[in-house]
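Asker: Starting off with a structure, shown below.
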Amino acid sequence: MIDMIVSILLGSLTAMVPIVLTSTGAVVSERAGVVNIGYEGILLMSALFGAMFAEMSGSPWIGLLGGAFVGMLLGMLHGAITVYLKGDHIIPGIGVNILALGVVAFGITAIWGTAGQHQVPSNIRIQPIINTPYGGLSPMVLITFIIVFLTHWVLFRTPLGLRIRAVGENPEAADALGVNVERYRFLATVYGATLAGLGGAYLSVDWLGVVTKEISSGRGFIALANMVFSGWNPVRALIGGFIFGFFDNLSVWVRTNPAISQVVPWQFVATLPYIVTIIIVAGIIGKVRPPKWDGKPYKRE
Amino acid sequence: MKADRSMISSFIKPIMESLIAVVIGVIIGAIVLKLSGYSPVKAYTALVKGAVGSAYGWSMTLSAATPIILTALTFAISARTGIFNIGAEGTVYFGAIAAIVFTNMFANPLWGLIGGIIAGILWALPAALLKVYRGVHEVISTIMLNWIAFYTALYLVLGPLANPNDPNKTLEVPASARLPLLMRGSELSLAFIIAIAAAIITYYILWHTVLGFELRASGYNERAARYGGINPKRAIIWSFLIGGIMSGIAGATEVMGRPPSYAISQGMANIRGYGFDGIGVSLVGRNHPIGIIFSGIFFGALKAGATYMQIDAGVPLEMVKVVQGIIVVAVAVPGLWDLVKKVVRR
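Just so you know, the protein sequences line up as chains A and B, in that order. Under our numbering, the first residue of the first sequence carries the number 1, and numbering increases by one thereafter. Under our numbering, the first residue of the second sequence carries the number 1001, and numbering increases by one thereafter.
Pasting the structure below:
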């Protein structure tokens, strides 16, 4: 019994990392007023390029940084379109998601010469810091916790955080007080996408150790759902992330457990994280409030 | 806004912007090809030749355009109502499954289409109701529903619908329920005509009916529409339902009118990806049903040419998806036309 609990706990902590990193990034971005639904695509492309950088350098940590770098570039693209060119916030995200489908499918073939899937060699994957017979714990779990608490502290306890929240809540007032609305919105967008990039590389060079066309499996959108659940609050996104991670992990666990998969087809269990996401979002709405200028371009009068 | 010229420029500008996006996609695609060690000239030549270099190429282009025109209509009609329905992907699966079930019960193509339509309506409802009654953002709900649809469909394909004689596909659509081919030996069937008709009907609904006016009004300015006596909730539900019908038909025609399989193949390979391709088609077609016909044929040509490019120039066919993606990102850049004009003038 105790081994099962430990195994589920470790699994949930492992599965929550990409969701929590992306949610935390999304919280910062939306607190500044920029909606980005392209995180799914960022996770995908960072998983691909993260693995590529890791294998080129021989270090998984370079892979993680590379993934974050790819996220940063995509964040700059999104920021340029939404913040500086005052474009729609949803469509560029859709564009990045569609681009990712192509880049990853083509990339796997062009980089490794295999079709559809690439296994990352185990010697260039992040090694767990804690090893138990029931599973390991990646140092990335620890790093994720640190990032979340740091982000939370900056967002709610520093002048920088106040400015970020101000440009998303009331950009006119912030502007009148001399805050450069565009700059803070842009930086927040880039920060959000960078964290998602880190989460994407984690998928390939740490947790799953593989690059596929479906490696993100909707986690970019689950992270957005978790952001709503958190009420745009990083620490609460950590808690929500654990819940989503639990179901994500549970569906994998049940699938590999023959006693259960004989009774319930594994495909139904695989739908669990998505059903839970819908239920949680449907239940929480009305109880949380998005930033007032979330998703609205700000143009000076 | 100037009153003169505005009619012409409001017509020309979106077309120019889409064309510029296509050019950007082709140019960046060439750079990616070069960096990956392929010859862009060779690749594009093969692609064009394969897509439109022969009557057979054209038939492949138009048959590839068929499902993505239909899924593009799903996105377009939602975008015109001010929402982003990206649930076409999952709806296609159930449209295809329903068509197989219905045609095996009543061996008639009409029943297959009805099956697709029913599936499309039923699978559109959860997202519509979640949006209207719970305020769940449709992007989150439709993506989640896509994954739920995928695993559920996979279960049906591997289980109840498995073909006892062929492990590589599901039960087939019986011969008497298949859509007639427009060209012998090709993949082009009546399905293409159905897709074109659907686009024209969508155009008619949007611009020549009261319902269409309500959809567009609540999409343009929800509050103003409500003051004008329009119920935006009703508009949103209708937009989901009509959109669902289009994607349901896309799934149905894919198994009823696309030789050689007339079934769902292993891993659902022959019905996957159309929902997301359709979003690109719709955006490049400026969310306009008539624009979608042209952009759908363009994207179809990319798909048809890709196979040829892989054989003839040795370039992985996924390359065209990169080009597609770049085009869609480029379309998202606002004022592309003005931007280019400014650069050119300089």
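By construction, the Cβ of each residue, glycine as well, lies at the ideal position given by its N, Cα and C atoms. In this text the structure is predicted, and so the values were computed from the model without any measurement.
Hey, residue 222 of chain A and residue 19 of chain A are a contact pair by Cβ (cut 8 Å); roughly how many whole angstroms apart?
Answerer: That pair is a contact at about 6 Å.
Asker: Is the CB of residue 43 of chain A under 8 Å away from at least one CB in chain B?
Answerer: Cβ-Cβ to chain B under 8 Å: no for residue 43 of chain A.
Asker: Can you list the alpha helix (DSSP H) stretches of 4 or more residues lying completely in the segment 1110-1159 of chain B, in chain order?
Answerer: List check, alpha helix (DSSP H) in window: 1138-1158.
Asker: Helix, strand or coil for residue 251 of chain A, going by three-state DSSP, please let me know.
Answerer: Residue 251 of chain A: helix per DSSP, three-state reduction.
Asker: Using 10 angstroms around the beta-carbon of residue 1266 of chain B, count the other beta-carbons present and answer buried if the total reaches 16, otherwise exposed.
Answerer: So residue 1266 of chain B ends up on the exposed side.
Asker: Can you give me the start and stop residues for the beta strand (DSSP E) that residue 118 of chain A sits inside?
Answerer: Where residue 118 of chain A is concerned, the enclosing beta strand (DSSP E) stretches over 117-119.
Asker: Note down, in chain order, each residue of its chain lying with its Cβ closer than 6 Å to the Cβ of residue 1067 of chain B, except the 5 sequence neighbours on either side.
Answerer: The answer, listed in chain order, is 1250, 1254, 1274.
Asker: Can you tell which of A/14, A/272, A/1 has the C-alpha that lies nearest to the C-alpha of residue 141 of chain A?
Answerer: Answer by Cα proximity: A/14.
Asker: Of the choices A/154, A/37, A/152, A/293, whose alpha-carbon is the least far from that of residue 219 of chain A?
Answerer: Selected option, being the one with the closest Cα: A/37.
Asker: Checking the sheet assignment: what are the DSSP bridge partners for residue 1181 of chain B?
Answerer: According to DSSP, which records beta bridges pairwise, residue 1181 of chain B is partnered with B/1189.
Asker: For residue 300 of chain A, which option in A/130, A/122, A/171, A/131 has the closest C-alpha, if you only look at C-alpha atoms?
Answerer: For the residues A/130, A/122, A/171, A/131, the minimum Cα distance to residue 300 of chain A belongs to A/171.
Asker: Look up residue 137 of chain A in the DSSP assignment and say whether it is helix, strand or coil.
Answerer: Strand, per DSSP.
Asker: Using a 10 Å radius around the Cβ and a threshold of 16 neighbouring Cβ atoms, would you call residue 1011 of chain B buried or exposed?
Answerer: Exposed, since its Cβ has fewer than 16 Cβ neighbours within 10 Å.
Asker: Just by C-beta distance, which residues in the segment 1293-1327 of chain B are closer than 8 Å to chain A?
Answerer: From the segment 1293-1327 of chain B, only 1316, 1318, 1319, 1320, 1321, 1322, 1323, 1324, 1325, 1326 have a Cβ closer than 8 Å to chain A.
Asker: Using a beta-carbon distance below 8 Å, is residue 109 of chain A in contact with chain B?
Answerer: So yes, residue 109 of chain A belongs to the interface.
Asker: Is there a C-beta anywhere in chain A that falls below 8 Å from the one on residue 1334 of chain B?
Answerer: So yes, residue 1334 of chain B belongs to the interface.
Asker: Give the residues of chain A in contact with residue 1151 of chain B, contact being defined as C-beta atoms less than 8 Å apart.
Answerer: Residues of chain A passing the Cβ test: 267, 268, 270, 271.
Asker: Please state whether DSSP places residue 1265 of chain B in a helix, a strand or coil.
Answerer: Here residue 1265 of chain B sits in strand by DSSP.
Asker: Could you check how far apart the C-beta atoms of residue 68 of chain A and residue 194 of chain A are, in whole angstroms? I think they sit under 8 Å.
Answerer: So it is a contact: roughly 5 Å between Cβ atoms.
Asker: Can a CB atom of chain A be found closer than 8 Å to the CB of residue 1147 of chain B?
Answerer: Taking Cβ atoms only, chain A reaches closer than 8 Å to residue 1147 of chain B, which makes this a yes.
Asker: Let me make sure I understand the geometry here. Which of A/30, A/4, A/12, A/293 has the alpha-carbon closest to that of residue 155 of chain A?
Answerer: Of the candidates A/30, A/4, A/12, A/293, the one whose C-alpha sits nearest the C-alpha of residue 155 of chain A is A/30.
Asker: For a quick check, are the C-beta atoms of residue 1064 of chain B and residue 1300 of chain B less than 8 Å apart?
Answerer: Yes. Within cutoff.
Asker: How close, in whole Å, do the beta carbons of residue 189 of chain A and residue 71 of chain A come, if the pair is a contact with beta carbons under 8 Å?
Answerer: Between residue 71 of chain A and residue 189 of chain A the Cβ distance is about 11 Å, and since that is not below 8 Å, they are no contact.
Asker: At the level of alpha carbons, what is the spacing between residue 1076 of chain B and residue 1293 of chain B?
Answerer: If you take the alpha carbons of residue 1076 of chain B and residue 1293 of chain B, they lie about 12 Å apart.
Asker: Quick check on the DSSP output: what are the complete beta strand (DSSP E) runs of length 3 or more inside the segment 115-203 of chain A, in order along the chain?
Answerer: For the segment 115-203 of chain A, whole beta strand (DSSP E) runs of length 3 or above, ordered along the chain, are 117-119, 130-132, 135-137.
Asker: Within 8 Å (strictly less), CB to CB, does residue 105 of chain A reach chain B?
Answerer: Output row for residue 105 of chain A: interface = yes.
Asker: In the DSSP assignment, find the unbroken alpha helix (DSSP H) run with residue 20 of chain A in it and report its ends.
Answerer: Where residue 20 of chain A is concerned, the enclosing alpha helix (DSSP H) stretches over 2-31.
Asker: Assuming residue 81 of chain A and residue 92 of chain A are in contact, meaning their beta carbons sit under 8 Å apart, how far apart are those beta carbons, in whole angstroms?
Answerer: With a Cβ gap of about 5 Å, residue 81 of chain A and residue 92 of chain A count as contacting.
Asker: Could you check which residue in A/9, A/16, A/41 has the C-alpha nearest to that of residue 213 of chain A?
Answerer: The option with the nearest alpha carbon to residue 213 of chain A is A/41.
Asker: Pick from A/251, A/164, A/292, A/28: whose alpha carbon is nearest that of residue 1151 of chain B?
Answerer: Per the Cα distances, A/251.
Asker: With a 10 Å radius around its C-beta and 16 neighbouring C-beta atoms as the bar for buried, classify residue 1001 of chain B as buried or exposed.
Answerer: Note that residue 1001 of chain B scores a pLDDT of 43, beneath 50, so its modelled location is shaky and nothing firm can be said.
Asker: Output needed for residue 1337 of chain B: all residues of its chain with C-beta closer than 8 Å, excluding positions within five of it in sequence on either side, in chain order.
Answerer: These residues qualify, in order along the chain: 1013, 1016, 1017, 1020.
Asker: Any beta carbon from chain A within less than 8 Å of residue 1001 of chain B's own beta carbon?
Answerer: Legend: pLDDT at residue 1001 of chain B = 43, less than 50; position of this residue unreliable, value from coordinates given subsequently. False, the Cβ-Cβ gap to chain A never drops below 8 Å.
Asker: Considering only the alpha carbon of each residue, which of B/1216, B/1206, B/1168 lies closest to residue 1268 of chain B?
Answerer: Nearest of B/1216, B/1206, B/1168 to residue 1268 of chain B, Cα basis: B/1168.
Asker: For residue 46 of chain A, which residues from the same chain have a beta carbon less than 6 Å from its beta carbon, with the 5 sequence-adjacent residues on both sides left out?
Answerer: Same-chain partners within the cutoff: 67, 70, 71, 197, 200, 201.
Asker: Residues in the same chain with beta-carbon distance under 6 Å from residue 1252 of chain B, minus the five sequence neighbours each way, listed in chain order, please.
Answerer: Only 1095, 1099, 1112, 1113, 1116 meet the Cβ criterion.
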